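Participant:
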Amino acid sequence: MGSVRIRNLKTGMVLADDVKDIKGRLLLPKGRPIGPEHIRIFKIWGIPQVPVLESPQGESEPEAPAIDSTRLEAARKKLEERFRLTDRRHPAIEEIFAQALQVAASGAFPAVAGPPLPEAQAAAEQPAQPYDDFLKKLIERNILLPEIPSIVFELNEVISNPLSTADQMAQVINKSPSLTAQLLRIVNSSFYGLPARVERVSLAVTLIGTRELSTLAMGISIMSLFRKIPSRLLNMQLFLQHSLACGIVSRLLAANKTMRQTEQMFTSGLLHDLGRLVTFIYFPNEILACMGRAARAGMSLSAAEKNLFGCHHGQIGMQMLHQWRLPVSLEHNVRYHHEPAEAPDPLSAALIHVADLLVNALGIGSSGERCVPPLDPQAWEASGLTADCFETVVQQTLHQFKTLDFLLQVKAV
Ligand SMILES: [Fe+2]
Ligand SMILES: [Fe+2]
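This note's numbering puts the sequence shown at residues 173 to 585.
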């Protein structure tokens, strides 16, 4: 028996063990010969490899091409720097580091992080005055990101009303052709891995669920706003990448925990760093000072924000979502992604905490943080995750990220 990567599978090979999707649902039982349709399903689900009995010809899996040792060493050095704030001896971090090393050495996501450091250091030369009550000032100055399109509020109503029907939901979505097109692309991608093509929103709602699809639609509608936000300091494309990847990982981890609200976790992951947008746009000098301070003092950007603003971007993001009257569970997931143990729903917050950490480790996009945020060991315990989940989660994330990259070019819906 041996594992064979999907691209090397041949029809007629026999499965040596059950193959399951991320939710633990059986895709193909052991002992079954593999047909072309099975290979297609494995690809749709982003299954990286499957265990097979020896092939009839006795062919063995060709060795993966070895990564050049100089490249591996260079990647390791960069990662050691990126991981300097978190305890590498923790088994979860050890595994995340190993996965991140493979990704970094493959060159999939070149290292990126915020504005050039000298600019941040120069700003830190003129220390900004700490704020007494930053959140209060934010409310008083009535700072709002671009106005949310009315469709978000309509979707929110569908989500909050237990009596909402699939028809009502489909009607709301159909009002926006671009949202409809994006949703159908997601529904037909490996994100769901449905066996047949879905052409109508009403069918998508029936298959996926009213509340689930509304939550997903709300997340991508809000995300589309990010592109309209000008910022001289923040690369919005990288910010979108970080957000999308965090949404994907949050949902995969939730599926791993067999949680039912996986779409809500996707949306929470998408929006988790919303508060940082506010600081980059409305308080550029202050956030630059925070970045300089974080780099000099060897602390996370969140900790530096807390020193200066008296709160961090999680709290600011929660304030925005509160002003928009979006679901409280979203508010809490965003608010507590750096302190999951304090959250009313510690499991959801812990999964977003781990997702953010993993995405920072993999270097997919950036929200301004140069280091992998420290892992909260209590949150890890509470999550009930095991380190061996990361190999599959990383493979599926890379796969889904590629299939959902059209969301990075979205126009406002
Ligand atoms: Fe964050
Ligand atoms: Fe983040």
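Built from N, CA and C at the ideal position, the CB exists for glycine as well.
Here the structure is a predicted model, which is why all the values come from computation and not from measurement.
With DSSP as the reference, please indicate the residues paired to V176 in a beta bridge.
Facilitator: Translated into positions along the sequence shown, residue 176 becomes position 4. BP columns for V176 point to V222.
Participant: Could you tell me whether the Cβ atoms of A270 and L534 are closer together than 8 Å?
Facilitator: Indexing the sequence shown from 1 puts residue 270 at position 98. Indexing the sequence shown from 1 puts residue 534 at position 362. The answer is no: Cβ separation not under 8 Å.
Participant: Since A461 and L480 are thought to touch, with beta carbons under 8 Å apart, how far apart are those beta carbons, to the nearest angstrom?
Facilitator: Your numbering for residue 461 matches position 289 in the sequence shown. Your numbering for residue 480 matches position 308 in the sequence shown. The pair is a contact, with the Cβ atoms about 7 Å apart (cut-off 8 Å).
Participant: List, from N- to C-terminal side, the alpha helix (DSSP H) runs of 4 residues or more that fit wholly inside the segment 350–433.
Facilitator: DSSP runs (the alpha helix (DSSP H)) wholly in the segment 350–433: 373–380, 382–398 and 408–428.
Participant: DSSP state of L442, grouped into three classes?
Facilitator: Taking the sequence shown and counting its residues from 1, the one referred to as residue 442 is at position 270. Here L442 sits in helix by DSSP.
Participant: Taking the beta carbon of N314 as the centre, do at least 16 other beta carbons fall within 10 Å, making it buried, or is it exposed?
Facilitator: Working through the sequence shown from its first residue, we reach residue 314 at position 142. N314 is exposed by the Cβ-count criterion.
Participant: Locate the beta strand (DSSP E) running through L200, then write down its first and last residues.
Facilitator: Looking up residue 200 in the sequence shown gives position 28. From DSSP, the beta strand (DSSP E) with L200 extends over L198 to L200.
Participant: Could you tell me which of L379, H509, S361 and T430 sits nearest to K574, measuring between CA atoms?
Facilitator: Counting from one through the sequence shown, the residue named residue 574 turns up at place 402. Nearest of L379, H509, S361 and T430 to K574, Cα basis: S361.
Participant: State the CB to CB distance for the pair I178 and Q221, rounded to an integer number of angstroms; the pair is presumed to be in contact (CB under 8 Å).
Facilitator: As a working note, residue 178 is residue 6 in the sequence shown. As a working note, residue 221 is residue 49 in the sequence shown. Yes, I178 and Q221 are in contact; Cβ-Cβ is about 6 Å, under 8 Å.
Participant: Evaluate A246 with the Cβ neighbour count: other Cβ atoms within 10 Å of its Cβ, from every protein chain shown; 16 or more gives buried, anything less gives exposed.
Facilitator: For the purposes of this step, residue 246 is taken as residue 74 along the sequence shown, with counting starting at 1. With fewer than 16 other Cβ atoms within 10 Å, it is exposed.
Participant: According to the Cβ coordinates, are L327 and S386 closer than 8 Å?
Facilitator: Working through the sequence shown from its first residue, we reach residue 327 at position 155. Working through the sequence shown from its first residue, we reach residue 386 at position 214. Taking 8 Å as the Cβ cut-off, L327 and S386 qualify as a contacting pair.
Participant: In whole angstroms, what separates the C-alpha of G230 from that of M185?
Facilitator: Taking the first residue of the sequence shown as 1, we reach residue 230 at position 58. Taking the first residue of the sequence shown as 1, we reach residue 185 at position 13. Its pLDDT being 47, under 50, G230 is placed unreliably in this model, and the coordinates cannot settle the point.
Participant: Distance check for K347 and D548, CA to CA, integer angstroms please.
Facilitator: On the sequence shown, residue 548 is found 376 positions in, with the first residue counted as 1. On the sequence shown, residue 347 is found 175 positions in, with the first residue counted as 1. Each residue's alpha carbon lies about 43 Å from the other.
Participant: Span of the alpha helix (DSSP H) holding W552?
Facilitator: Within the sequence shown, residue 552 is the residue found at index 380, counting from 1. Element bounds for W552: P549 to S555.
Participant: Does DSSP put K192 in a helix, in a strand, or in coil?
Facilitator: Residue 192 sits at position 20 when you count from the first residue of the sequence shown. Strand, per DSSP.
Participant: Quick check: what's the CA-CA separation for V202 versus M395?
Facilitator: Sequence index remark: in the sequence shown, residue 202 carries index 30 (1-based). Sequence index remark: in the sequence shown, residue 395 carries index 223 (1-based). In the sequence on display, residue 202 carries Lys and not Val. If you take the alpha carbons of K202 and M395, they lie about 41 Å apart.
Participant: When you compare each of R448, D193 and R254 to Q568 by their alpha carbons, which one comes out closest?
Facilitator: As a first step, residue 568 is located in the sequence shown; it is residue number 396 there, counting from the start. Comparing Cα positions, the closest option is D193.
Participant: Does the Cβ of S175 have 16 or more other Cβ atoms within 10 Å, making it buried, or fewer, making it exposed?
Facilitator: Along the sequence shown, one-based indexing puts residue 175 at 3. Counting Cβ neighbours within 10 Å, S175 comes out exposed, since fewer than 16 surround it.
Participant: Can you list, in chain order, the residues of its chain with a C-beta nearer than 7 Å to that of C561? Leave out the 5 residues immediately preceding and following it.
Facilitator: As a working mapping, residue 561 is identified with position 389 in the sequence shown. So the qualifying residues of the chain are N428.
Participant: Pop quiz: Y508 and A521 are said to be a contact at Cβ under 8 Å. What is the actual Cβ separation, rounded to whole angstroms?
Facilitator: Locating residue 508 in the sequence shown gives position 336, counting from the first residue. Locating residue 521 in the sequence shown gives position 349, counting from the first residue. Their Cβ separation, rounded to whole angstroms, is 4 Å, which keeps Y508 and A521 in contact under 8 Å.
Participant: I'd like the list of long-range same chain contacts for F306, defined as Cβ closer than 7 Å, with 5 residues on each side in sequence excluded.
Facilitator: On the sequence shown, residue 306 is found 134 positions in, with the first residue counted as 1. Answer for F306: F481, G482 and C483, listed in chain order.
Participant: Kindly indicate which residue of L579, L244 and R254 has the alpha-carbon position closest to the one of G540.
Facilitator: Here residue 540 corresponds to residue number 368 of the sequence shown, with the count starting at 1. Ranking the options by Cα distance to G540, first place goes to R254.
Participant: Between L257 and P516, how many whole angstroms is the CB-CB distance? I'm expecting something under 8 Å.
Facilitator: Residue 257 sits at position 85 when you count from the first residue of the sequence shown. Residue 516 sits at position 344 when you count from the first residue of the sequence shown. Not really, about 27 Å apart at Cβ, beyond 8 Å.
Participant: Sorted by chain position, which residues of the same chain lie with C-beta nearer than 6 Å to M437's C-beta, five sequence neighbours on each side aside?
Facilitator: By 1-based counting over the sequence shown, the position of residue 437 is 265. Cβ within range, chain order: S422, R423 and A426.
Participant: Sort out for me which residues DSSP pairs L187 with in a bridge.
Facilitator: Counting from one through the sequence shown, the residue named residue 187 turns up at place 15. The partner list for L187 (beta bridge, DSSP) reads V224.
Participant: Just jot down, in chain order, the residues whose CB lies closer than 7 Å to any heavy atom of ligand 2.
Facilitator: The set, ordered by position in the chain, is H414, C418, H444, D445, D528, V531, N532, S539 and E541.
Participant: With a threshold of 16 other CB atoms inside 10 Å of the CB of T439, please say whether the residue is buried or exposed.
Facilitator: Here residue 439 refers to the residue found at position 267 when the sequence shown is read from its first residue. Classification of T439: buried, given that the 10 Å Cβ count is 16 or more.
Participant: For the alpha helix (DSSP H) that D528 lies in, which residues bound it at each end?
Facilitator: As a working mapping, residue 528 is identified with position 356 in the sequence shown. Unbroken alpha helix (DSSP H) run through D528: P518 to L534.
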